[in-house]
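Residue numbers (the working numbering): 41 to 572. Where is the CB? At the ideal position from N, CA and C, for every residue including glycine.
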């Protein structure tokens, strides 16, 4: 039994919660919240009395949730003081990993309203909302993001007094600018593909590059360190020490690359590490931070309907933000179509599982129903987890697709993952969180990608890559068009065969492989920012 002050008026708490949920439009979760609180105040959790049984959800959705998994989370946290924060956090993350992103976001939001959660939950909430455009509009996400970053970036007067180095003065016509990058994932697959090529191509005659690395030193490759003029291991530095280090280096432009990840330096930005501070690379929306002065966005993205929801000044630059030193150190897939070997079309998706929603699976199912005997290969690391795999099997079944038409695969090494494209004819992009690196990998392997484009940056990554190879026929702007284009392509084997033979060459000849030009555009942005 969890020990909480029994003098607390539980009836009053119920009334407060009920009124809050009514006003916020979240009343459908009332029974869930009350049940959790009842358990917290009185009854131990048991398999016979599950909080999920009172959730006002469709029965099919409830059946996707593994009660034994929820019970294990409860057992893990129920004896802790103030356990509800951890409990809410884990069930929110669980829902986000089994295709129930809308529910995950609501759980995080409720927990934060009652201050039961933690900084990590606050950070994830902003990202989760982007995955639910039908639930959270631009204005709502913008306001929540600003409140979140304000809370996460709070600093004390004591901290301000401990910053002992002044900011460097802006100098007209300065010949060499000191550029400071901070990130915690320089050497992961995304960092090595999309960001390290920028470091390699910087003009060292005009820019001195400082890196403040928050990844563990054991991960950092010696060759990565050599890409910077100055490399600092900062993963153990607190806010004040980090800010003092950056200021002592006399950085002119400080660039926060982490975005809304668990590890970031938004608090340091609030202390102002440099005269000019920039958000770049890993944000799909505004940071909402007062002291982030600019955000750099490629002209590839259509921001007309979202630019008013940015707290930073937006600097739009030419060149492709998806530019990279394309990895061609792997063999292209066999030229023969899987369709010819198998006698049926195979669709597929190899992206991160948190981008795959239940609604997305129902959309894929509509395509499969219109392409007789077609199959689907869903590949993602999390599918090694039996609980997650069970949920996704249930989603496809609920959407009317029999189990013999869906192939699930978990983790494999990078080269093996790329070789698996020889087993799919058409890749289907995720929505609303579109794939970036995954789309480029598919195209490099001769696999066309049908992408559904939305208003948010996160819904335009597929569009950026596909536009750059002049294959706009693969883009759709409504769910109906997405279905139509996928079905039409499935019925055009000649076109599929042509894609198999030509897509890699188109990628290599496109601006996506011109990392040098994009780096020059980025440097022109830095110069413009410094002189403003």
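Presumed contact (8 Å Cβ cut-off) between residue i and residue j, rounded CB distance
i, j, result
"residue 389", "residue 468", "6 Å"
"residue 329", "residue 306", "6 Å"
"residue 515", "residue 491", "6 Å"
"residue 289", "residue 386", "No, residue 289 and residue 386 are not in contact; Cβ-Cβ is about 52 Å, not under 8 Å."
"residue 226", "residue 217", "Not confirmed; about 21 Å, so no contact."
"residue 336", "residue 562", "7 Å"
"residue 477", "residue 233", "6 Å"
"residue 499", "residue 471", "6 Å"
"residue 402", "residue 423", "Their Cβ separation, rounded to whole angstroms, is 18 Å, which puts residue 402 and residue 423 out of contact at 8 Å."
Nearest to residue i (by Cα), restricted to the options the options
i, options, result
"residue 281", "138, 204, 568, 188", "204"
"residue 212", "292, 253, 273", "292"
"residue 180", "352, 346, 479, 534", "346"
"residue 249", "568, 116, 286, 426", "286"
"residue 126", "161, 570, 177, 279", "161"
"residue 200", "455, 350, 283", "283"
"residue 134", "106, 117, 115", "106"
"residue 253", "264, 189, 247", "264"
"residue 380", "277, 331, 462, 427", "462"
"residue 548", "447, 532, 376, 372", "372"
"residue 417", "393, 399, 100, 427", "393"
"residue 544", "116, 182, 481, 316", "481"
"residue 374", "275, 110, 542", "542"
"residue 497", "232, 512, 474", "474"
"residue 228", "219, 259, 206", "259"
"residue 411", "397, 441, 400", "441"
"residue 354", "185, 319, 230, 116", "319"
"residue 224", "488, 295, 184, 533", "295"
"residue 486", "279, 113, 378", "378"
"residue 185", "534, 300, 422", "300"
"residue 220", "191, 251, 230", "251"
"residue 438", "534, 331, 404, 413", "404"
Residues that residue i bridges to, as DSSP identifies them
i, result
"residue 253", "223, 273"
"residue 348", "Per DSSP, none; premise fails for residue 348."
"residue 218", "248"
"residue 618", "Nothing can be reported for residue 618: it is not among the residues displayed for the chain, which extend from 41 to 572."
"residue 458", "Paired residues: none, contrary to the question."
"residue 489", "467"
"residue 354", "335"
"residue 386", "415"
"residue 207", "Answer is none; residue 207 lacks a bridge partner."
"residue 516", "492"
"residue 317", "294"
Contact with chain D by residue i, beta-carbon distance below 7 Å
i, result
"residue 296", "Structure shown: chain D not included; a single protein chain is present."
Straight-line Cα distance separating residue j from residue i
i, j, result
"residue 245", "residue 572", "21 Å"
"residue 420", "residue 451", "6 Å"
"residue 239", "residue 445", "44 Å"
"residue 537", "residue 524", "19 Å"
"residue 164", "residue 383", "43 Å"
"residue 395", "residue 210", "43 Å"
"residue 559", "residue 357", "11 Å"
"residue 159", "residue 102", "28 Å"
"residue 323", "residue 257", "24 Å"
"residue 509", "residue 546", "6 Å"
"residue 427", "residue 570", "51 Å"
"residue 302", "residue 167", "11 Å"
"residue 130", "residue 408", "33 Å"
"residue 348", "residue 415", "42 Å"
"residue 406", "residue 435", "13 Å"
"residue 540", "residue 398", "30 Å"
"residue 140", "residue 202", "45 Å"
"residue 567", "residue 242", "13 Å"
"residue 507", "residue 297", "25 Å"
"residue 207", "residue 315", "6 Å"
"residue 108", "residue 400", "26 Å"
"residue 351", "residue 142", "25 Å"
"residue 557", "residue 564", "11 Å"
"residue 148", "residue 214", "47 Å"
"residue 267", "residue 327", "27 Å"
"residue 94", "residue 104", "Only weak support exists for where residue 94 lies, its pLDDT of 44 falling under 50; the value from the coordinates is given anyway. Roughly 15 Å between the two C-alpha positions."
"residue 188", "residue 333", "18 Å"
"residue 49", "residue 100", "Because the pLDDT of residue 49 is 45, which lies under 50, any placement of that residue in the model is unreliable, and the number read from its coordinates should be weighed accordingly. Rounded to whole angstroms, residue 49 to residue 100 spans 36 Å at the Cα level."
- [ ] Count the C-beta pairs between the segment 498–505 and the segment 328–347 that are closer than 8 Å, then say yes if the count reaches three, no if not.
- [x] Because the criterion of three Cβ pairs below 8 Å is met, the segment 498–505 and the segment 328–347 touch.
Task: Given 8 Å, three or more beta-carbon pairs between the segment 512–532 and the segment 270–277 - done: Remark: fewer than three beta-carbon pairs, one from each stretch, lie closer than 8 Å, so the segment 512–532 and the segment 270–277 are not flagged as touching.
TODO: Give a yes or no on contact between the segment 548–559 and the segment 528–535, applying the rule of three or more CB pairs nearer than 8 Å.
DONE: No contact exists between the segment 548–559 and the segment 528–535.
Task: the segment 186–198 touching the segment 301–317, judged by at least three CB pairs closer than 8 Å - done: Touching, yes.
TODO: Inspect the CB distances between the segment 415–432 and the segment 163–175 and report whether three or more fall short of 8 Å.
DONE: The segment 415–432, when compared against the segment 163–175, does not touch it at the 8 Å Cβ threshold.
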